[in-house]
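Visitor:
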Amino acid sequence: MAQPFLKKDDDHDDEVDYSPFLGIEKGAVLQEARVFNDPQLDPRRCSQVITKLLYLLNQGETFTKVEATEVFFAVTKLFQSRDLGLRRMVYVIIKELSPSADEVIIVTSSLMKDMTSKTDMYRANAIRVLCQITDGTLLTQIERYLKQAIVDKNPVVASAALVSGIHLLQTNPEIVKRWSNEVQEAVQSRAALVQFHALALLHQIRQNDRLAVNKLVSSLTRGSVRSPLAQCLLIRYTSQVIRESASNTQTGDRPFYDFLEGCLRHKAEMVIFEAARAITELNGVTSRELTSAITVLQLFLSSTKPVLRFAAVRTLNKVAMTHPIAVTNCNIDMESLISDQNRSIATLAITTLLKTGNESSVDRLMKQITTFMSDIADEFKIVVIEAIRSLCLKFPLKHRSLMNFLSNILREEGGFEYKKAIVDSIVILIRDIPEAKESGLLHLCEFIEDCEFTYLSTQILHFLGIEGPKTSDPSKYIRYIYNRVHLENATVRAGAVSTLAKFGAMVDSLKPRIFVLLRRCLFDTDDEVRDRATLYLNTLGADGAVEDMKEFLFGSLDIPLVNLERSLKNYEPSEESFDINSVPKEVKIQALAEKKAPGKKPTGLGGPPPAPPSTIDAYEKLLSSIPEFANFGKLFKSSAPVELTEAETEYAVNVVKHIFDGHVVFQYNCTNTIPEQLLENVTVIVDASEAEEFAEVASKPLRSLPYDSPGQTFVAFEKPEGVPAVGKFSNMLRFIVKEVDPSTGEAEDDGVEDEYQLEELEVVAADYMLKVGVSNFRNAWESMGPDCERVDEYDLGPRENLAEAVNAVINLLGMQPCEGTEVVPSNSRSHTCLLSGVYIGNVKVLVRLQFGIDGPKDVAMKLAVRSEDEAVSDAIHEIVASG
Amino acid sequence: MLLAILFSNFAGHIILKRFNGVPSEERLHWRTFLVKLGADNLKGARNEERAFCFFTKNSNSITSMNLVVKFKSVYIVYTVLGGVRIYIVGKDEYDELALTEVMFVITSSIKDACGKSPSERLFLDKYGKICLCLDEIGILENTEKDRIRRRIGLKPPNPTEI
Chain A
1 MAQPFLKKDD DHDDEVDYSP FLGIEKGAVL QEARVFNDPQ LDPRRCSQVI TKLLYLLNQG
61 ETFTKVEATE VFFAVTKLFQ SRDLGLRRMV YVIIKELSPS ADEVIIVTSS LMKDMTSKTD
121 MYRANAIRVL CQITDGTLLT QIERYLKQAI VDKNPVVASA ALVSGIHLLQ TNPEIVKRWS
181 NEVQEAVQSR AALVQFHALA LLHQIRQNDR LAVNKLVSSL TRGSVRSPLA QCLLIRYTSQ
241 VIRESASNTQ TGDRPFYDFL EGCLRHKAEM VIFEAARAIT ELNGVTSREL TSAITVLQLF
301 LSSTKPVLRF AAVRTLNKVA MTHPIAVTNC NIDMESLISD QNRSIATLAI TTLLKTGNES
361 SVDRLMKQIT TFMSDIADEF KIVVIEAIRS LCLKFPLKHR SLMNFLSNIL REEGGFEYKK
421 AIVDSIVILI RDIPEAKESG LLHLCEFIED CEFTYLSTQI LHFLGIEGPK TSDPSKYIRY
481 IYNRVHLENA TVRAGAVSTL AKFGAMVDSL KPRIFVLLRR CLFDTDDEVR DRATLYLNTL
541 GADGAVEDMK EFLFGSLDIP LVNLERSLKN YEPSEESFDI NSVPKEVKIQ ALAEKKAPGK
601 KPTGLGGPPP APPSTIDAYE KLLSSIPEFA NFGKLFKSSA PVELTEAETE YAVNVVKHIF
661 DGHVVFQYNC TNTIPEQLLE NVTVIVDASE AEEFAEVASK PLRSLPYDSP GQTFVAFEKP
721 EGVPAVGKFS NMLRFIVKEV DPSTGEAEDD GVEDEYQLEE LEVVAADYML KVGVSNFRNA
781 WESMGPDCER VDEYDLGPRE NLAEAVNAVI NLLGMQPCEG TEVVPSNSRS HTCLLSGVYI
841 GNVKVLVRLQ FGIDGPKDVA MKLAVRSEDE AVSDAIHEIV ASG
Chain B
884 MLLAILFSNF AGHIILKRFN GVPSEERLHW RTFLVKLGAD NLKGARNEER AFCFFTKNSN
944 SITSMNLVVK FKSVYIVYTV LGGVRIYIVG KDEYDELALT EVMFVITSSI KDACGKSPSE
1004 RLFLDKYGKI CLCLDEIGIL ENTEKDRIRR RIGLKPPNPT EI
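Residue numbers (the working numbering), protein chains in the order written: chain A, 1 to 883; chain B, 884 to 1045.
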């Protein structure tokens, strides 16, 4: 590991060009360490040798047991010297050498002496060293001193003991926990640093005791904390308490909010910032609560300190994601930050502005961004692109200037990721904003004329093939596509051939001309290109059904590619041609039951857990792979898993409700938690006598359920098509249980049939509603129009408060609350809540709920529903009326 | 959690390291990763998924520029000080902001110990003193350079500070 010391950098040094450690060698240094044994100690010399030892250790040099012991013994001799500098070095080297248990005893007495010394600095350092090298038994011996040190009147000593406590808590928690009283006393210390360290330790001691933390926070928020650092800690602990208590009470009153708000007027910037950030991160924070926090952050925006500007703009950027309106006040200050010489501040300012800006400011903003884009790195540009994309979706009318902007930057230099972000954005805009389609496609066409990335070219060609034929004048795209056949590599050429064929299939008037072009491709140098041209010429030229051809060209491959690849590899050329229907459609599924692998604890620098796969996609794949369910059509919604067993039972079962147009499938995720058992032929017997409209049509048992490896069994019901039928189902788990020999892991041959009662399960109206949000509720509401609007009033009866009533209605409907309206400000007498969703049959639904509460807590509600179908609007009212 | 503080020279050799709660088998990996990160980025080129750079309190010169990377669940702040590169790794509450403050404490106390931004030579000359600085900073036990200086010399802090 030790690297010989190399030449130094000349730019930074005009001193003599060699290192003090040049040619340093372990043996020689150990030899030198003998000076520690001299009767006449030379402190300077000794310090130098210690420095060399430290350097060696930091280079990764290791000492053998004998060497380490020898050095360690020698070092202990240095306690005789009265030289301060040397003593300080001795403390460090002892920690670095981390002596073994039998050696520690040698130095303990010296350190104990220092610990009780009259010199406070000796005491402090001795405490730190002892705590670092000591083990449990020795610790009990010195515990008494440490407790005294914690409440010592000298802050340096107290701090040393407290910080040592924080370290020791990792190794000897039970001992440190006994110091609670002393630490509590130290929290009241007049010295700022002691208070800070004491608070940190006290919280760590009590962190698992929610009540104690709550008490700690309550008492300290009332008193005065001197140290700004401690105050910051207190704010963090307070927001933790708020988070935990908020889930228990739904009253709308937020405990400790006043404390956080008070901290906004603190004199230390770090406290102000910490409080402001804590407020913005509160669960379901309301606009009123945000106001004061945003005001102080706004002041920070014009601070002279870059760190403060960065911190403020970063926090505001986060707030803008959920409460864009609240941040608009800061827009003027943000705009001046666009020219900030620090590019991260500028990028954050831009993206925040893009989130909060209104329709009228878009053009001005885009002008500013254009000048800004040229001097930032790709990573920042991508962030800006993403922000522009969402802005465009928010203000579709502005698509022209935003699309122009995107196409302009598409022409400039940039790496793959950056270009991909731009192309992706244009594609999304084309999909979502019909008016932007033609201009967007042309921009993409221009881009592929000069695109160096094969991946992007093929993606765009594919996209053109789907969207191009549907435009008013498809012929204008042909030139761009055919150019690819001449100018590009084989992959792109093959892509272009497929795209041409799609135009030919969709646009009859173009078909003859496409044929000419495709025939030219028959002479291409690449096999794949020639093969595709031949294939498409034959398919398009054949008189077969047009539908088949379209299905062939545009249909998706419903076979997993992995399976296809495996089947093709296994296929041996013979008389019999390869049959694509023989490829299994079953997808290997894991992790669907969402059972975490036990025992895998994240280590210090380990990465975060991988993001869960898109569950809906996974469910869809899973269900379509089961032949019994394959003809149910498109999956409309899958519910979150509902537990059917208590925690810690023998068999853990939860159920996912999959809703189809005319069917409902229950997916029971079962886990066997008994190592000595193997379950076979696992089914769930469902009694649907309380669900009249449902009739069981299929059941797919689980063949075997070994210990701790989750499996699924399914039961499918038919229900009237498109009708949101509801009902109650009782469930019984039935299986054959076999004993497993734990030593060999083998199961016995004979099993016993057994049953296990599960909880009941309900299909409710909310299961037929997809939570789909809209970015701008008012626009969506206006554009939906009043044609299918239904309005009615309901009396919800006595309720605890408004928040509870609002939550109940949201849960009943299963819709997505918009614009943060699910949060009811405390003590308010009326509230409006906006919801959006997609009802079964893919009907968009918007709901506006107006609540009012009167004296004896009677809640009245006005419900206005707009949807694309009046029957659905009525259905929503029925749900509320019967709920 | 403040996980690691590393110093390397421009050739990429680790001069000084401090790990905190990092298993020993992961340390080598981090040493290599950080040195490579510095070699790639501190010369100007950057290829991390998301890099922020910002200037610290006192100047705009390149020597006081901090680069920040979020890698998996940890934050890394690294910079050049004279002839050495400094890397700090933190997680949880030690986000890029907190680490920037830590960096400020480290750079200011090293400059204090060396009398100026140290060349590599000067850094090695003052190696012992710098080790003491880091020992005093610990897991952010002390944050002011004056206090750190006094404590290195085993002198009690100024009464006014208490």
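Glycine included, C-beta positions come from ideal geometry on N, C-alpha and C.
Which runs of the alpha helix (DSSP H) at least 4 residues long sit entirely within the region 507-567 of chain A? Give them in chain order.
Guide: 511-521, 527-541 and 546-554, all fully within the region 507-567 of chain A.
Visitor: Could you run through the region 113-130 of chain A and flag, in chain order, every residue whose CB is less than 9 Å away from some CB of chain B?
Guide: T119, D120, M121, Y122, A124, N125 and R128
Visitor: Please report the residue range of the beta strand (DSSP E) in which N731 (chain A) lies.
Guide: G727 to E739
Visitor: Would you mind stating whether V865 (chain A) and V791 (chain A) have Cβ atoms separated by less than 9 Å?
Guide: yes
Visitor: Comparing the C-beta of D1029 (chain B) with each C-beta of chain A, is any distance below 9 Å?
Guide: no
Visitor: Under a CB-based cut-off of 9 Å, is K1038 (chain B) close to chain A?
Guide: yes
Visitor: Counting only Cβ-Cβ distances shorter than 9 Å, please list the residues of the region 18-40 of chain A near chain B, keeping chain order.
Guide: Y18, S19, P20 and F21
Visitor: To test your reading of the DSSP string, which unbroken alpha helix (DSSP H) runs of 4 or more residues are found completely within the region 327-359 of chain A?
Guide: The region 327-359 of chain A contains these whole alpha helix (DSSP H) runs: 331-337 and 343-356.
Visitor: Taking a cut of 8 Å between CB atoms, which residues from the region 972-985 of chain B lie near chain A?
Guide: V972, K974, E976, L980, T983 and E984
Visitor: What's the C-alpha gap between L78 (chain A) and S1002 (chain B)?
Guide: 31 Å
Visitor: Sort A:E782, A:S292 and A:M89 by Cα distance to C46 (chain A) and report the nearest one.
Guide: A:M89
Visitor: I believe R123 (chain A) touches V92 (chain A) by the beta-carbon criterion, under 8 Å. Please report the beta-carbon distance rounded to the nearest angstrom.
Guide: Their Cβ separation, rounded to whole angstroms, is 17 Å, which puts R123 (chain A) and V92 (chain A) out of contact at 8 Å.
Visitor: For S361 (chain A) and chain B, any beta-carbon pair shorter than 9 Å?
Guide: By this cut-off, S361 (chain A) is not an interface position.
Visitor: Distance check for E274 (chain A) and L929 (chain A), CA to CA, integer angstroms please.
Guide: Since the first residue of chain A shown is 1 and the last is 883, residue 929 (chain A) is not available in this structure.
Visitor: Do you know how far the Cα of C445 (chain A) is from the Cα of P474 (chain A)?
Guide: 12 Å
Visitor: Leaving out five residues on either side along the sequence, give the residues of the same chain with a beta carbon under 6 Å from the beta carbon of H399 (chain A).
Guide: C392, I433 and A436
Visitor: Output yes or no for whether 9 Å exceeds the beta carbon distance between L885 (chain B) and G1011 (chain B).
Guide: no
Visitor: Count the other CB atoms, across all protein chains shown, that sit within 10 Å of the CB of R254 (chain A); report buried if there are 16 or more and exposed otherwise.
Guide: buried
Visitor: Between the C-alpha atoms of G895 (chain B) and C1014 (chain B), what's the straight-line distance to the nearest angstrom?
Guide: 19 Å
Visitor: Mind checking whether V824 (chain A) and G837 (chain A) have CB atoms under 9 Å apart?
Guide: no
Visitor: I need the DSSP call for S425 (chain A), collapsed to helix, strand or coil.
Guide: helix
Visitor: Under 8 Å by Cβ, that's how I've got S867 (chain A) and C788 (chain A) pegged, so tell me the actual separation to the nearest angstrom.
Guide: The pair is a contact, with the Cβ atoms about 5 Å apart (cut-off 8 Å).
Visitor: Would you mind listing the alpha helix (DSSP H) stretches within the region 62-144 of chain A that are 4+ residues and don't spill past its ends, in chain order?
Guide: Here the runs fully enclosed are 65-77, 84-97, 101-115 and 120-133.
Visitor: Can you tell me the Cα-Cα spacing of A212 (chain A) and R206 (chain A), whole angstroms?
Guide: Separation of A212 (chain A) and R206 (chain A) (C-alpha to C-alpha, rounded to the nearest whole angstrom) is 6 Å.
Visitor: Using a Cβ-Cβ cut-off of less than 8 Å, give me the residues of the region 895-910 of chain B that come near chain A, in sequence order.
Guide: H896, I897, I898, L899, K900, G904, V905, P906 and E909
Visitor: When the cut-off is 9 Å and only beta carbons count, does I350 (chain A) lie next to chain B?
Guide: no
Visitor: Interface residues of chain B around S47 (chain A) at Cβ under 8 Å?
Guide: G1011
Visitor: Can you find a C-beta in chain B that's less than 9 Å from the C-beta of G599 (chain A)?
Guide: Since pLDDT at G599 (chain A) reaches only 38, below the 50 mark, its modelled position is unreliable, and no value is offered.
Visitor: Would R206 (chain A) pass as an interface residue toward chain B - the criterion being a Cβ-Cβ separation below 9 Å?
Guide: no
Visitor: With DSSP collapsed to three states, give me the class of A691 (chain A).
Guide: Coil at A691 (chain A), not helix or strand.
Visitor: Comparing the C-beta of T51 (chain A) with each C-beta of chain B, is any distance below 9 Å?
Guide: yes
Visitor: Taking C1014 (chain B) as the query, report the chain A residues whose CB atoms sit under 7 Å from its CB, ordered along the chain.
Guide: L54 and V92
Visitor: Can you tell me whether D858 (chain A) is helix, strand or coil according to DSSP?
Guide: Strand.
Visitor: With a cut-off of 8 Å, do at least 3 Cβ pairs link the region 343-350 of chain A to the region 308-322 of chain A?
Guide: yes
Visitor: Please state whether the Cβ-Cβ distance between I385 (chain A) and S425 (chain A) is less than 9 Å.
Guide: yes
Visitor: Short of 6 Å in beta carbon distance, which residues of its chain neighbour D83 (chain A), apart from the five on each side in sequence? Order them along the chain.
Guide: P43
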